[in-house]
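Step one of this worksheet: look at the structure below.
2 protein chains.
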Amino acid sequence: MASGKDLPVSPLALPLPELPPVPGVLLGTGVAGIRYKAREDVTMMAFPAGTTVAGVFTKNQCPGAPVDWCRAALKGGKARALVVTAGNSNVFTGKAGRETCKATAAAMAKLAGCKPNEVFLASTGVIGEKLPTEKLTAALPAVHAVLEPDPWQHAARAIMTTDTFPKGATRTAKIGDATVTVNGIAKGSGMIAPDMATMLCFLATDAKVPAGALQAILKKGVDRSFNCVTVDSDTSTSDTVLLFATGATKHPRVPAEGGAMLKDFARAVHEVLMDLALLVARDGEGAQKLIEIHVAGAVSAKSAHRVAMSIANSPLVKTAIAGEDANWGRIVMAVGKSGEKADRDRLSVGVGGTWMAREGEIVPGYDEAPVVAHMKGREVRIDVDLGLGRGSATVWTCDLTHGYIDINGAYRS
Amino acid sequence: MASGKDLPVSPLALPLPELPPVPGVLLGTGVAGIRYKAREDVTMMAFPAGTTVAGVFTKNQCPGAPVDWCRAALKGGKARALVVTAGNSNVFTGKAGRETCKATAAAMAKLAGCKPNEVFLASTGVIGEKLPTEKLTAALPAVHAVLEPDPWQHAARAIMTTDTFPKGATRTAKIGDATVTVNGIAKGSGMIAPDMATMLCFLATDAKVPAGALQAILKKGVDRSFNCVTVDSDTSTSDTVLLFATGATKHPRVPAEGGAMLKDFARAVHEVLMDLALLVARDGEGAQKLIEIHVAGAVSAKSAHRVAMSIANSPLVKTAIAGEDANWGRIVMAVGKSGEKADRDRLSVGVGGTWMAREGEIVPGYDEAPVVAHMKGREVRIDVDLGLGRGSATVWTCDLTHGYIDINGAYRS
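Protein chains in written order, with my numbering: chain A, 7 to 419; chain B, 7 to 419.
Now the structure itself:
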């Protein structure tokens, strides 16, 4: 993280799409001056009574105080407000960190007219520095006073820390005859690895979905998206994905267990999550290339996923790709180091659709030209066939460049 | 690996010590022209009849053909010769790779007057290219003709690939009243992680030790040394440690199970292994700082080791240290991502002997000056106390710098 210094926008950036209002959701952003000067660092969302919520959090054993807060609040299944701060993660801040969460939720609950455990909190930024609680609580009334349905684009920017571009996605879905919207925004570009592959991600919809069904859809979607993305293998202490469902749009009643009626809605949620996860990989610290790794022929899908992640996290593979070198020997090494079942003499490796090695040997006289051309592009595809079974998996990462060292060797200084 | 291009010598390099002759061992080096031009790339050792051997190899599931060869040969427990080549690893070379091993061992056995399975082989360098067998076998007679007891220093250089300095260590030990010597040479600077933390390492002694006792001593020593060193988390397909015992020096007979009589000998072997492992970390690709990580208070030694390796392999920790930033928040993150038992609120983190965080919170008003001074040095020490139990472990790594990207982004090109 670069202390708010301006970084050049990632060459893999995509433009922020138009994010329409989501019926029931009001947003606002403001300046609390927590760490950054002269930029918005507080983002607020408010939801109507009856809003349900689902959440998935980091598996890091040393999570931030806001993660603990959300985990506890999630048990109620209801949400009325979200407060996000940028610049200080409120991680490893001991009792003071817990007090900050309590005070922030109390102040927000008073403004929103709800219970503190209907307020959700998320913070990212520096670890181990006390978050100046009063600056934050003092900033809330002004933000609350200007809440509106529109400023999704603003919110996508206000939650950024080292991100070089704002990240958003939107879809519509049918529930019965009604059309509902799913919006999402995310931040994150380093310290990104399952679980989870982002720092913060917030989705909201106007569908009316019971909390249990909402949680199942979110969990499945995160497993297929964020948990298939890695930037540097490091797992944030703050990773948080929350999905709020306001129920502001009328549609046939969804049963507690969800079921077939939510099929199209689940697709929309999963597409938004996938869009956002890939945007995070595209903004990987120092990233010059987006890498898609497809592993087939594994003994199981789980095994394929582990092999793919071993390749995606290999510094030697990632530096080779940065150097535009289709060094398939390093891919073989990364397959072998995963510890998963593999047979060197059945292994095949391809880059950009050209098989360079087949069943344990180099393919004699394979055409290097398309491989060389592929490696020069912004998107690199690696295929591995283990030749053992039917398990497959796809994961995404980015290359490891001088930019990563520049960004991460200078933080705090 | 930098294709034999000259890299600046690591600032952490130590001078190669005088390596005395080891009674019974003859060495030679020569030029086969396997990949490099105008440098020695073949190293040979010859041992007298009765020499025993022990070996430890990579756990990578896709090992090179020479590793397979050595594993099989090791079953005999006897050795008469070693042939090491630099520039081509003979990994992922299919049937051709196995034929190369067979032909090399046959040619060497003929020269040494022994069986092929008394010949040990090791190769490092590029993966997936066929090793030109005839160039290698053609070079062997000339090397064999000039074998001498002295050229340990030469051998330490001839086995290098991307190493920026040669690595050797020596000790003496008492077995009864006799003094024996243990010499070791190693190569390796990238693709270094347990198990093992080197690419190639060869030890020889004039002690007479049964193969089983020799294997136990080597295994224990490797676990405490090479398996506690990581450069980039990537695990070589060629990692090999071999220990040859010629028995050329008379001493009381060692029983098959080894035992107390070998205590001092085991110490000497372990010290040589530890010296060499740290030299490998000091030559980590792009390394500017040697990092020692000590974890205490874990629920077990194994758990402590895993936490320490999680810190040692974290790109964010390693880049922070490259930037001379004592970013203990990233250390907390790396503890948490290990998945090992940890309690954020009992965790303490120190750098260079100064505790910066104690029991889950920053130490108020800790003196930053000695920490800042420590971070500017060549050797950085990190202490973590998990506050849970009595398990402890120490591991070593190096920082992650622009040099690593330079070296690994340009290989093969």
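Note that CB positions come from ideal geometry on N, CA and C, so glycine has one too.
Cutoff 8 Å: residue i Cβ touching any chain A Cβ
i, result
"B/T99", "yes"
"B/K343", "yes"
"B/H257", "no"
"B/A203", "Because the pLDDT at B/A203 is just 43, under 50, the model does not fix this residue reliably, and the value given afterwards should be weighed accordingly. For B/A203, the answer is no, since every Cβ of chain A falls outside 8 Å of its Cβ."
"B/G415", "yes"
"B/D169", "no"
"B/L127", "no"
"B/G290", "no"
"B/A348", "yes"
Of the listed residues the options, nearest to residue i (C-alpha basis)
i, options, result
"A/L32", "A/D229, A/V152, A/P138 and A/A332", "A/V152"
"A/N414", "A/P54, A/V97 and A/V132", "A/V132"
"A/S195", "A/A293, A/A55 and A/W158", "A/A293"
"B/G39", "B/M381, B/A52 and B/P138", "B/P138"
"B/L224", "B/L25, B/A60, B/P21 and B/L20", "B/A60"
"B/H150", "B/A55, B/L80 and B/V37", "B/V37"
"B/H380", "B/K108, B/L220, B/K295 and B/F98", "B/K295"
"B/E140", "B/A102, B/A375, B/F208 and B/M339", "B/A102"
"B/A340", "B/E124, B/I317, B/L18 and B/A52", "B/I317"
"B/K299", "B/E385, B/T325, B/V247 and B/T246", "The sequence as given places Ile at residue 299 of chain B; Lys does not occur at that position. Of B/E385, B/T325, B/V247 and B/T246, the residue nearest in Cα terms is B/E385."
"B/G182", "B/L284, B/G218, B/V378 and B/K214", "B/K214"
"B/H251", "B/P14, B/F53, B/G34 and B/V15", "First, the residue type needs correcting, since residue 251 of chain B is Ala and not His in the sequence shown. Checking every option, the nearest Cα to that of B/A251 belongs to B/F53."
"A/T130", "A/M362, A/Y372, A/G383 and A/S244", "A/S244"
"B/A287", "B/T170, B/D212, B/V186 and B/T35", "B/T170"
"B/G34", "B/W75, B/A87 and B/G265", "B/A87"
"A/G395", "A/R387, A/A307, A/I388 and A/A148", "A/A307"
"B/A192", "B/V377, B/V28, B/A184 and B/L248", "B/L248"
"B/A254", "B/P17, B/V62 and B/A55", "B/A55"
is_contact[residue i, chain B] using C-beta, thresh 8 Å
i, result
"A/I243", "The question names Ile, but residue 243 of chain A in the sequence shown is Thr. At least one chain B Cβ lies under 8 Å of A/T243."
"A/I165", "no"
"A/M339", "yes"
"A/L353", "yes"
"A/W75", "no"
"A/I181", "no"
"A/F271", "no"
"A/S419", "Residue placement at A/S419 cannot be trusted, given a pLDDT of 35 that sits under 50; the coordinates are not used to answer."
"A/G335", "yes"
"A/R384", "no"
"A/I191", "no"
"A/H408", "yes"
Proximity test, Cβ basis, 8 Å: residue i and chain E
i, result
"B/A328", "Among the chains of the structure shown, chain E does not appear; the protein chains present are A and B."
At least 3 beta-carbon pairs within less than 8 Å: the segment 342–355 of chain B vs the segment 306–315 of chain B: At 8 Å Cβ cutoff, the stretches touch.
Those runs of the beta strand (DSSP E) which lie wholly inside the segment 169–245 of chain B and span at least 3 residues: Within the segment 169–245 of chain B, the runs of beta strand (DSSP E) that reach at least 3 residues and sit entirely inside it are, in chain order, 173–181, 184–193 and 206–211.
Members of the segment 46–68 of chain A near chain B, C-beta cut-off 7 Å: Of all residues in the segment 46–68 of chain A, N66, Q67 and C68 have a Cβ within less than 7 Å of some Cβ in chain B.
Return the chain-ordered ranges of every alpha helix (DSSP H) run that is complete within the segment 81–127 of chain B and spans a minimum of 4 residues. Listed in chain order, they are 100–118.
Inside the segment 320–407 of chain A only - beta strand (DSSP E) runs reaching at least 3 residues: Those beta strand (DSSP E) runs which fall completely within the segment 320–407 of chain A and span 3+ residues are 354–357, 360–364, 385–391 and 397–404.
With 7 Å as the C-beta to C-beta threshold (strictly closer), list the residues of the segment 294–325 of chain A near chain B in chain order. Answer in chain order: S320, P321, L322 and T325.
Using a Cβ-Cβ cut-off of less than 9 Å, list which residues of the segment 146–158 of chain A approach chain B; keep chain order. Those residues of the segment 146–158 of chain A that come within reach of chain B (Cβ to Cβ, closer than 9 Å) do not exist; the list is empty.
To be precise: take each residue of the segment 355–380 of chain A, compare its Cβ to all Cβ atoms of chain B, and keep it if any distance is under 7 Å. Which residues remain? Answer set for the segment 355–380 of chain A: A363, G366, E367 and I368.
Within 8 Å of chain B by C-beta, residues of the segment 389–406 of chain A in sequence order: Residues passing the 8 Å Cβ filter: L406.
Determine, using beta-carbon pairs with one atom in the segment 351–363 of chain B and one in the segment 330–339 of chain B, whether at least three such pairs fall under 8 Å. Because the criterion of three Cβ pairs below 8 Å is met, the segment 351–363 of chain B and the segment 330–339 of chain B touch.
Contact between the segment 221–238 of chain B and the segment 393–407 of chain B: three or more CB pairs below 8 Å? Verdict: yes, contact present.
Taking Cβ-Cβ distances below 7 Å as the criterion, which residues of the segment 129–141 of chain A are in contact with chain B? Listed by position along the chain: V132, I133 and G134.
Runs of 3 residues minimum, wholly inside the segment 16–73 of chain A: which ones carry the beta strand (DSSP E) assignment? Within the segment 16–73 of chain A, the complete beta strand (DSSP E) runs of at least 3 residues are 32–36, 48–52 and 58–63.
Would you mind listing the alpha helix (DSSP H) stretches within the segment 268–299 of chain B that are 4+ residues and don't spill past its ends, in chain order? Listed in chain order, they are 269–288.
Scan the segment 11–41 of chain A for residues whose Cβ lies nearer than 7 Å to a Cβ of chain B and list them as they occur along the chain. For the segment 11–41 of chain A, which is checked against every Cβ of chain B, not one residue is closer than 7 Å.
Pair every Cβ in the segment 45–55 of chain A with every Cβ in the segment 154–163 of chain A, then say whether three or more of these pairs are closer than 8 Å. Here the segment 45–55 of chain A lies against the segment 154–163 of chain A, with 3 or more beta-carbon pairs under 8 Å apart.
Contact between the segment 364–380 of chain B and the segment 257–267 of chain B: three or more CB pairs below 8 Å? Judged by Cβ distances under 8 Å, the segment 364–380 of chain B makes no contact with the segment 257–267 of chain B, as fewer than three pairs qualify.
Cβ contact (3+ pairs, closer than 8 Å) linking the segment 19–27 of chain A and the segment 168–178 of chain A: Taking 8 Å as the limit for Cβ pairs, the verdict is that the segment 168–178 of chain A does touch the segment 19–27 of chain A.
Okay, do the segment 79–97 of chain B and the segment 118–135 of chain B touch, 3+ Cβ pairs below 8 Å being the bar? Yes: at least three Cβ pairs fall under 8 Å.
With a floor of 3 residues, list each beta strand (DSSP E) that falls wholly inside the segment 125–150 of chain B, ordered by position along the chain. Within the segment 125–150 of chain B, the runs of beta strand (DSSP E) at least 3 residues long that lie entirely inside it are, in chain order, 125–132.
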